[in-house]
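Letter by letter, the sequence shown follows residues 268 to 428 of the numbering used here.
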Amino acid sequence: MLWPVSRVFERAKLRHAKREALTARRLRSAAQAGVDEEAHRLWMAAVQCRRVLERLRRRVGARDPDGRLLEQARRLALFELDAERAIAALRMQVLQGTHRIDEQRARSVTARDHLETAADELELRANLVDARRQARQLREHAEVLLSESRQHLLAACAPQM
């Protein structure tokens with residue numbers, strides 16, 4: 268039995284739509300994995316800041332004759348810079364992820380493709396917004412840690428009466 272030509276084209280369109288949906292899911296997964304990695308890097312930087320601050324607190328009781336406290340404060344500031352770089356990379360991923368979705372939308376053929384692209388876009392944007400919010404909280408936490416370490420340094424270096 269031969270299928271009508273229109274039916275053959277319908278099946279070809281369906282296969283094409285399935286491939287496009289799979290490609291969109293792969294793009295979304297890759298973008299989300301990158302965002303998760305950046306958020307994890309920020310979290311690790313905050314953990315490292317916390318460790319340095321704990322070491323600072325333990326040594327505040329003694330004077331700083333050899334400058335080690337100042338060196339640790341400098342390292343803490345470098346961790347804050349690392350967090351800023353990671354946040355900038357996260358923002359770039361937001362732009363790249365939405366740009367990919369826009370390109371995919373331009374290539375969509377059927378209404379189903381448009382719906383899947385819109386669903387992918389909403390999910391990606393929600394995930395990226397959550398990751399950016401988490402990164403912002405970590406950055407604020409690093410700023411608090413840095414200001415606390417500065418206060419402890421001032422207290423340790425102040426002349427004792």
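Glycine is no exception: its CB is placed at the ideal position from the N, C-alpha and C atoms. The structure displayed is predicted, hence computed values, not measured ones.
Distance check between Glu277 and each of Glu388, Thr377, Arg352 places Thr377 closest, using alpha-carbon atoms only. About 5 angstroms separates the CB atoms of Glu383 and Ala288; that is less than 8 angstroms, so the two are in contact. Across the structure, Ser416 and Gln404 are spaced so that their CA atoms are roughly 18 angstroms apart. The residue among Arg379, Ala386, Arg352, Val396 with its C-alpha nearest the C-alpha of His283 is Arg379. For the set Ser273, Arg292, Ala279, Met359, the Cα lying nearest the Cα of Val396 is the one of Met359. Secondary structure of Thr384 (DSSP, three-state): helix. With distances taken between CA atoms, Ala386 lies nearest to Arg292 out of Ala279, Arg292, Leu281, Glu370. Under a 10 Å Cβ-count criterion, Leu281 is classified as exposed, with fewer than 16 other Cβ atoms of the shown protein chains found around its own Cβ. Rounded to whole angstroms, Ser414 and Glu407 show a C-alpha spacing of 11 angstroms.
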